Each structure stands twice: as C-alpha cells, then as structure tokens.
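Heads up, the thing below is written out as structure tokens.
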Amino acid sequence: RIVNFIKRQLPEGKRTALTKTKQLTLSTLGKMIKAYCLIICITFTEILIGLTALNLLGFYSGSYRVVISLCIALVDIFPILGSGTVLVPWGIISLLRGNIGLGIGLLVLYVIITVLRQYIEPKLVAGQLGLPPAATLVAMYLGLKIFGIPGIFMLPLIITVLKVLNDDGVIWQTGELGKVDMGGGG
Numbered sequence: 017r018i019v020n021f022i023k024r025q026l027p028e029g030k031r032t033a034l035t036k037t038k039q040l041t042l043s044t045l046g047k048m049i050k051a052y053c054l055i056i057c058i059t060f061t062e063i064l065i066g067l068t069a070l071n072l073l074g075f076y077s078g079s080y081r082v083v084i085s086l087c088i089a090l091v092d093i094f095p096i097l098g099s100g101t102v103l104v105p106w107g108i109i110s111l112l113r114g115n116i117g118l119g120i121g122l123l124v125l126y127v128i129i130t131v132l133r134q135y136i137e138p139k140l141v142a143g144q145l146g147l148p149p150a151a152t153l154v155a156m157y158l159g160l161k162i163f164g165i166p167g168i169f170m171l172p173l174i175i176t177v178l179k180v181l182n183d184d185g186v187i188w189q190t191g192e193l194g195k196v197d198m199g200g201g202g
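Each residue of the sequence shown is one higher than the one before, starting from 17 at the first, in the numbering used here.
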C-alpha cells in the first residue's frame, strides 16, 4: 500500500522510471549474486582438488575435505578475510610441526587460489554485469576505499544500474544533455 501510494504521487514518466530502476537493480543484484556463487564454486573446487592431491601424495590424512573446502570458499568471498585466513596459518603451523609437505602444499594452494581469483573475479563479475573488466575492477577498488567491504559489492552494482538506465534512456536521453534554455526568447 505504501509503495502504491508513493507511485500515485509521481507523474507517469517518473513512475515508469522508478519501476524500471527497481527492476534493473534487482536484476543486476541477481546477476552479481550469480557471479559470486560461481566464484565460490570455483574456489571450492580448487581447494577440494588441492586437499585431495595432498591426500593422495600422503601429506594430508584428515577427513572432511568437502566441509573444509566449503568453509574456506565461503570465507574467501570476503576480501579482508580470504582463503589465506585459513590456509596460511594452517600451512605455517604444519611447517612448524614438521609436516613440511602439507605446509608447502597448503601455501602453494593458497597462491594458486589467489592468482586465479585475481584473474577470474573481475571477468566473471564484469561478464554478469555487462561492464568491462577494468571498470569493474576500478569500481570494486573504489568501493572498498570509499565504503569499505560493502562497497566492493555496492559500487559495481550502482554503476551497472546507472549504465543500464542510461542505455535505456531513463536517466539521460541522447541529445538532451547540454541543452540549456538561456531565456532570450526566439
């Protein structure tokens, strides 16, 4: 009822723009969630393969590889935490306890995950959002600097919504920018 009341207060053109903005924002948010779910799946697979390889080589004898891989993949989605929050201390402790193979394997696994993540994240997010990878990377960086961790997700989303609204002519219509009525009649 409140939304309908607000919509009735707006002129038809603004009402359409508001509805379109809401739809585009939700669509873009869905695409972004899809991209990050794909990143989680890729990281999960990398960790699972890494732990399985370490198991086959005889360096890792623990169980729960799937659970450990899932937990690390979920932690990895947060830039401040990342997979290094788990893998680096685990690797160092393994080295200190004399399990050199496991320690080196975990640290190598961390490097592989980090390098691949740096490569695939901008491409996946950009591909889902329709922005060039460089623009997505800059937006994620600026979002982090300006808004903190939520900004990594928010700023690319905002830029994408603005881009789509602009492309659809909702916020700026071609040819209308720069037109200024200077008075003067005629």
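In this text, a Cβ means the ideal position worked out from N, Cα and C, and glycines have one as well.
In this text, all values refer to a predicted model and were calculated from it rather than measured experimentally.
Reduced DSSP secondary structure (H/G/I, E/B, other) of I187: Your numbering for residue 187 matches position 171 in the sequence shown. Coil, per DSSP.
Ordered along the chain, which non-local residues of its own chain (more than five positions away) have a Cβ less than 8 Å from that of Y126? For the purposes of this step, residue 126 is taken as the residue at position 110 of the sequence shown. So the list reads S99, G100, L103, V104 and G107, once near-sequence residues are dropped.
Residue environment, D92, which counts as buried when at least 16 other CB atoms sit within 10 Å: What you label residue 92 is simply residue 76 of the sequence shown in a count that begins at 1. Buried: at least 16 other Cβ atoms inside 10 Å.
Can you check which of these residues, I49, T130 and S43, is closest to I63 by C-alpha distance? What you label residue 63 is simply residue 47 of the sequence shown in a count that begins at 1. Measuring from the Cα of I63, the nearest candidate turns out to be T130.
Are the segment 27-44 and the segment 65-77 touching, with three or more C-beta to C-beta distances below 8 Å? no
Let me know the secondary structure DSSP gives P149 once reduced to three states. Within the sequence shown, the letter at position 133 stands for residue 149. Looking at P149 - three-state DSSP - the assignment turns out to be helix.
In terms of alpha-carbon separation, which member of P149, D183 and D184 lies closest to P172? For the purposes of this step, residue 172 is taken as residue 156 along the sequence shown, with counting starting at 1. Among P149, D183 and D184, the Cα nearest to that of P172 is on P149.
S43 (DSSP reduced to helix, strand or coil): By one-based count along the sequence shown, residue 43 stands at place 27. In the structure shown, S43 sits in a helix (DSSP, three-state: H, G or I).
Given T41, which residues of its chain have a CB within under 6 Å of its CB, disregarding the five upstream and five downstream residues? Position 25 of the sequence shown, counting from 1, holds the residue named residue 41. If we look at T41 and ignore the five residues flanking it on each side, its Cβ neighbours are V177.
By alpha-carbon positions, which one of R31, K50, L67 and A89 ends up nearest to T59? Counted from its first residue, the sequence shown places residue 59 at position 43. Closest option to T59, Cα to Cα, is A89.
Contiguous alpha helix (DSSP H) assignments of at least 4 residues, all confined to the segment 99-157: 100-112 and 116-145
For Y52, which three-state DSSP category applies? Numbered from 1 along the sequence shown, position 36 holds the residue referred to as residue 52. Residue state, collapsed to three classes: helix.
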